[in-house]
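*Asks:* Pasting in a structure now, in structure tokens, and then I'll have a few things to ask.
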Amino acid sequence: MPYVPEDVDHTFYHTARSVQDSLAPSAEQRVTLIVAGCYIIAIGILWHVPYLSAIIYPFKLLTVGFHEMSHAFMGVLTCAHIHSIELDPREGGETRMSGGIPWLTLPAGYLGSGFIGAALIVCGFDTNASKVASLVLAAFFVFTLWWARRDWLTWVLIIGMAGLIVLFWFVGGGVALRFFILFIGVMSCLYVLWDIIDDTIDRKVNSSDASAFAEICGCCPSQVWGVIWLIIAFCFFAAGILIGLVAFKQSAAQQASDSEHFLPVPGSSARLSFSTSPATLLGTVLSASLLMYAM
1 MPYVPEDVDH
11 TFYHTARSVQ
21 DSLAPSAEQR
31 VTLIVAGCYI
41 IAIGILWHVP
51 YLSAIIYPFK
61 LLTVGFHEMS
71 HAFMGVLTCA
81 HIHSIELDPR
91 EGGETRMSGG
101 IPWLTLPAGY
111 LGSGFIGAAL
121 IVCGFDTNAS
131 KVASLVLAAF
141 FVFTLWWARR
151 DWLTWVLIIG
161 MAGLIVLFWF
171 VGGGVALRFF
181 ILFIGVMSCL
191 YVLWDIIDDT
201 IDRKVNSSDA
211 SAFAEICGCC
221 PSQVWGVIWL
231 IIAFCFFAAG
241 ILIGLVAFKQ
251 SAAQQASDSE
261 HFLPVPGSSA
271 RLSFSTSPAT
281 LLGTVLSASL
291 LMYAM
């Protein structure tokens with residue numbers, strides 16, 4: 001029992017200790033953090049190396065798809081009519097819509113894809129949460145394919161990613177899927193940070209969501225909005241890691257046991273009995289996502 005001076009507020013002390021204990025990584029979480037760190041280093045190297053950059057090219061396009069999908073979903077929420085989504089092989093994209101609220105639909109691309117990346121990082125801390133995340137991604141893919149039904153590149157990309165998700169679901173009882181979801185989350189967050197800097201702060205393109213937003217707002221240049229969005233995107237990234245540390249403390253053995261009873265691989269010896277119910281797990285993931293959005 002640590003010594004606590006009498007003049008220290010006990011409520012504050014115990015709260016601080018509780019926060020410290022919650023954020024202290026377990027053995028399995030340390031593995032996850034190390035893997036995430038390796039992802040960051042590998043992505044940073046591959047990003048600028050000729051020929052090798054082709055390895056992460058499909059994931060860059062996937063993040064562009066998250067960007068355009070976020071525009072579209074915010075458009076739907078603000079009663080816009082979505083005409084189409086298109087991806088450009090040069091890592092660009094376009095969402096065509098009419099109506100909606102530009103104050104919300106324009107920043108939704110950067111911030112929405114950053115939020116998606118952060119939510120995937122949270123799920124990357126737990127095998128069952130990764131299974132839930134993959135099912136949610138599948139629903140997003142269906143909507144995106146509908147809006148991009150005439151864009152062959154989007155079809156190829158999404159079908160390929162869906163195939164990888166199914167493949168990794170069968171490897172190691174879902175452990176491979178967990179690290180795949182973690183990779184997509186890290187990749188998405190990093191791409192958002194780079195995209196905001198490239199499009200709005202360095203101004204390497206003539207037009208961007210930030211420049212269009214600045215024209216509508218009229219009070220600040222696009223660089224200012226770029227900095228604001230960059231800070232928000234970085235907070236999403238950090239929140240994804242912190243919430244993952246707090247929400248999923250299970251050991252590798254516990255995760256493996258839970259995974260055997262939650263949407264198990266066909267043919268496994270486990271019966272489909274839910275020691276952790278899907279509703280409870282989905283509620284945990286949604287609560288974590290809402291907490292990140294509130295931040």
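Numbered continuously in UniProt numbering, the sequence shown closes out at residue 295.
Note that beta-carbon positions come from the ideal geometry of N, C-alpha and C, so glycine has one too.
(1) Would you call L272 buried or exposed, if buried means 16 or more other Cβ atoms sit within 10 Å of its Cβ?
(2) With DSSP collapsed to three states, give me the class of L87.
(3) If I'm right that G185 touches A118 with Cβ under 8 Å, what's the distance once you round it to whole angstroms?
(4) In angstroms with no decimal places, state the Cα-to-Cα distance between Y39 and M69.
(5) In the DSSP assignment, what are the bridge partners of M97?
(6) I'd like the span of the alpha helix (DSSP H) that includes H67, first residue to last.
(7) Starting from G109, trace the alpha helix (DSSP H) in both directions and tell me its first and last residue.
(8) Per DSSP, what kind of secondary structure is G218 in: helix, strand or coil?
(9) Would you mind reading off the limits of the alpha helix (DSSP H) that contains I43?
(10) Please report the straight-line C-alpha distance between I241 and I121, rounded to a whole angstrom.
(11) What are the start and end residues of the alpha helix (DSSP H) that includes D258?
(12) How far does the alpha helix (DSSP H) with I181 in it reach, from first residue to last?
(13) What whole-angstrom Cβ distance do S259 and G124 have, given they're in contact under 8 Å?
(14) Taking the continuous alpha helix (DSSP H) assigned at A138, which residues delimit it?
(15) For G92, write down the residues that DSSP places opposite it in a beta bridge.
(16) On the DSSP letters alone, give me the boundaries of the alpha helix (DSSP H) that F170 sits inside.
(17) In whole angstroms, give me the CA-to-CA distance for G244 and V31.
(18) Which of the three DSSP states, helix, strand or coil, is assigned to F248?
(19) State the DSSP-derived secondary structure class of D151, mapped to helix, strand or coil.
(20) Can you give me the C-alpha to C-alpha distance between G218 and T200, rounded to a whole angstrom?
*Replies:* Considering the structure as presented:
(1) Note that L272 scores a pLDDT of 37, beneath 50, so its modelled location is shaky; the value from the coordinates is reported in the next line. L272 should be labelled exposed.
(2) strand
(3) 7 Å
(4) 24 Å
(5) M97 pairs with I82.
(6) Y57 to L77
(7) P102 to C123
(8) coil
(9) Residues A27 to H48.
(10) Straight-line Cα distance between these residues: approximately 7 Å.
(11) A252 to E260
(12) V175 to I196
(13) About 14 Å; that fails the 8 Å criterion.
(14) T127 to W147
(15) D88
(16) Unbroken run through F170: none, as it is neither H nor E.
(17) 13 Å
(18) If DSSP states are grouped into helix, strand and coil, F248 belongs with coil.
(19) coil
(20) Straight-line Cα distance between these residues: approximately 16 Å.
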